[in-house]
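Numbering (numbering that gives the first Met the number 0), first residue to last: 0 to 270.
Note that the Cβ used here is the ideal one computed from N, Cα and C, for glycine as well.
Comments concern the structure below.
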Amino acid sequence: MKIIMTKDLFYKIEGSGTPVLLIHGFTGSHKSFQKVSSFLSSQFKVITVDMIGHGQSMNYESKNYTFDKSINDLNKILDSLSIKKINLIGYSLGGRLAMQFALKNIAKLSSLIICSASYGIEKKEDRENRVLSDKKIVTMLENKPIETFVKYWKNLDIWDSEKNLSVERRNKIDKIRLSQNKIGLALNLSYQGQGKQEFIGNKLKKIKTKSLIMYGSNDSKYKEMSKEISKEIQNSKLLMVPNSGHNIILENPIFVAQEIKKFVLGEINGS
Numbered sequence: 000m001k002i003i004m005t006k007d008l009f010y011k012i013e014g015s016g017t018p019v020l021l022i023h024g025f026t027g028s029h030k031s032f033q034k035v036s037s038f039l040s041s042q043f044k045v046i047t048v049d050m051i052g053h054g055q056s057m058n059y060e061s062k063n064y065t066f067d068k069s070i071n072d073l074n075k076i077l078d079s080l081s082i083k084k085i086n087l088i089g090y091s092l093g094g095r096l097a098m099q100f101a102l103k104n105i106a107k108l109s110s111l112i113i114c115s116a117s118y119g120i121e122k123k124e125d126r127e128n129r130v131l132s133d134k135k136i137v138t139m140l141e142n143k144p145i146e147t148f149v150k151y152w153k154n155l156d157i158w159d160s161e162k163n164l165s166v167e168r169r170n171k172i173d174k175i176r177l178s179q180n181k182i183g184l185a186l187n188l189s190y191q192g193q194g195k196q197e198f199i200g201n202k203l204k205k206i207k208t209k210s211l212i213m214y215g216s217n218d219s220k221y222k223e224m225s226k227e228i229s230k231e232i233q234n235s236k237l238l239m240v241p242n243s244g245h246n247i248i249l250e251n252p253i254f255v256a257q258e259i260k261k262f263v264l265g266e267i268n269g270s
């Protein structure tokens, strides 16, 4: 295992072989993929990263929180490791970043795997309303303890299925959320929230890379989005992850890891 801190981002490398890069969601970190990366590292070179404002990748300058900067940061990691082609996996916010990376760096992808992600909000008015809604959360992060935010966040409807997990696994999720720098989260949400993202649903046809689109069986909202993403990315496969809601990488990590392994190996073997 190799742990690296660049000027901009913290990342960890496990295993060797064909490279895969895992991007976590909002309030997550490289630790969110612990079970997935442990499973995959027996076969692949697994790179897990703390995206800006999360984990050990903290910065207080707002200019470092744009989508373009995050995509550039990912490119720097690949360049530093002399990786020409990558199997890119993104969950939730990480999935949004992965799709944007794909649109700007299609030649660098061996495969693209999207987990529980959105292509953005189509209507300008809806995006503006989302920004206003997110500002309330940003204010909470700026003025209240991280514990207040986490209590609010984990009780949102989107995380309902996490309540079915064991106490041990729920505590692990809480620990990752509570370990965050609340100002980092506030900055990230201010600049990378869905209201700030360009709508890319009408651009996904440009992605020709073999892609896998996954969603949780109990995640009705993202089930529909995943279907739309799969419809737009022509060379894609749609897959439901059983016994899970939005947080498929923590609710059913071994199933997700097995499907990633099969998909990436299929791409290597030309199947």
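From residue i to residue j, what distance separates their C-alpha atoms?
i	j	result
lysine 220	tyrosine 59	33 Å
lysine 181	phenylalanine 262	36 Å
aspartate 78	aspartate 72	10 Å
serine 36	arginine 129	33 Å
leucine 186	lysine 134	10 Å
lysine 103	leucine 87	13 Å
glycine 89	isoleucine 199	16 Å
phenylalanine 25	leucine 238	22 Å
serine 243	phenylalanine 254	10 Å
glycine 14	phenylalanine 38	10 Å
glutamate 271	isoleucine 259	Not covered by the structure: residue 271. The range shown for the chain is 0 to 270.
glutamine 99	isoleucine 70	8 Å
aspartate 156	glycine 93	20 Å
lysine 202	arginine 126	18 Å
asparagine 163	serine 41	29 Å
lysine 171	lysine 44	25 Å
methionine 224	leucine 108	22 Å
Closest by CA to residue i, which one among the options?
i	options	result
isoleucine 212	Asn201, Phe254, Leu111	Leu111
cysteine 114	Lys162, Leu96, Lys174, Lys84	Leu96
tryptophan 158	Thr65, Leu249, Gly265, Met98	Leu249
tyrosine 10	Gln257, His53, Lys162	His53
tyrosine 151	Val137, Leu164, Lys260	Val137
lysine 84	Met224, Ala101, Glu167, Leu92	Ala101
leucine 140	Leu108, Ile172, Arg176	Arg176
leucine 80	Ser69, Ile46, Gly215, Leu184	Ile46
lysine 205	Ile232, Gly16, Lys122, Asn63	Ile232
threonine 208	Thr65, Met50, Ile105	Ile105
isoleucine 22	Glu121, Ser91, Pro252, Gln257	Ser91
glutamate 227	Lys153, Lys162, Ile120, Asn163	Ile120
lysine 68	Lys174, Gln191, Leu108	Gln191
methionine 57	Ser28, Pro18, Asn74	Ser28
Would you list the one or two residues that DSSP bridges to residue i?
i	result
serine 110	Asn86
leucine 20	Ile46, Leu87
How is residue i classed by DSSP in three states: helix, strand or coil?
i	result
phenylalanine 25	coil
proline 144	coil
lysine 122	coil
leucine 264	helix
leucine 155	coil
alanine 97	helix
asparagine 128	helix
alanine 256	helix
leucine 39	helix
asparagine 163	helix
serine 31	helix
In chain order, each alpha helix (DSSP H) run of at least 4 residues that lies wholly inside the region 42-93: 66-79
Ignoring anything shorter than 4 residues or poking outside the region 168-244, list the alpha helix (DSSP H) runs there in chain order. 181-191, 219-231
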